[in-house]
Ligand code: ADP
């Protein structure tokens, strides 16, 4: 079984940015829970068909995609529906993540899970790498990337695990507060390189 390194961090912490360094420089296979969560509700998927059967065709956009705005409204008006959605999608996501992990070719897999701590996924991984940033950095980068207001970004942060909670589970930590100038890029890459070598050595031991 391939060693699984979990990678987590709060919104806008730099998970994708840093996972990409492992992929680009060391050809490490990435399994991204957010990508999988979108795949399980693609047009014609079991997930999307079940949602439409349960809530009706108003859950579809004109081109047959999941109408996320409608679904959000529905859950907002009927909070118990959120449980129904979670019960439907979590096993589908889990199954697909397992499938993708089984086809990993690299010495270890990087499993990017934004809500890893919140969803108690620690037991599914061999090690945890946390991307750590100050909350104000997270808020600034989330507002810039997603075009949300500071208040919206703050409320997303408040709904996630705290920085301290996340760090308490970490085996390894990369701090990503420094703005990405050439020097910061080199520093990140050298941290990633050190971790990559450590993970290679550990994956040999697991084998
Ligand atoms: P996450 O996947 O954790 O939500 P991203 O990797 O998408 O975070 O990073 C959030 C945003 O911040 C993106 O627009 C990204 O380009 C930018 N970003 C990431 N790291 C840095 C950094 N060190 N300095 C400046 N911007 C960064």
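Numbering (our numbering), first residue to last: 15 to 221.
We treat Cβ as the ideally placed atom computed from N, Cα and C, and that holds for glycine.
- Using a cutoff of 7 Å, the CB of residue 193 counts as near ligand 1, since one of the ligand's heavy atoms is closer than that.
- Straight across, the Cα-Cα distance linking residue 88 with residue 56 is about 19 Å.
- Within the segment 81–127, the runs of beta strand (DSSP E) that reach at least 3 residues and sit entirely inside it are, in chain order, 122–126.
- Less than 8 Å separates the beta-carbon of residue 21 from that of residue 145.
- Across the structure, residue 188 and residue 202 are spaced so that their CA atoms are roughly 8 Å apart.
- Annotation for residue 187: the continuous beta strand (DSSP E) segment containing it runs 186–189.
- Contact between the segment 127–146 and the segment 178–193 is present: 3 or more CB-CB pairs across the two stretches fall below 8 Å.
- Looking only at 43, 148, 42, 106, the smallest Cα-Cα distance to residue 62 is reached by 106.
- Residue 115 and residue 102 do not touch by the CB rule: their CB atoms are close to 21 Å apart, not below 8 Å.
- Look at the beta carbons and you see the segment 29–49 not touching the segment 154–168: under three pairs across the two are nearer than 8 Å.
- For the pair residue 50 and residue 139, the CB atoms are not nearer than the 8 Å cut-off.
- Contact check for residue 17 and residue 213: beta-carbon distance about 7 Å, within the 8 Å limit, so the pair qualifies.
- Listed in chain order, the non-local C-beta contacts of residue 81 below 8 Å within the same chain comprise 72, 73, 74, 75, local neighbours out to five positions each way being set aside.
- For residue 61, the enclosing alpha helix (DSSP H) covers residues 60–69.
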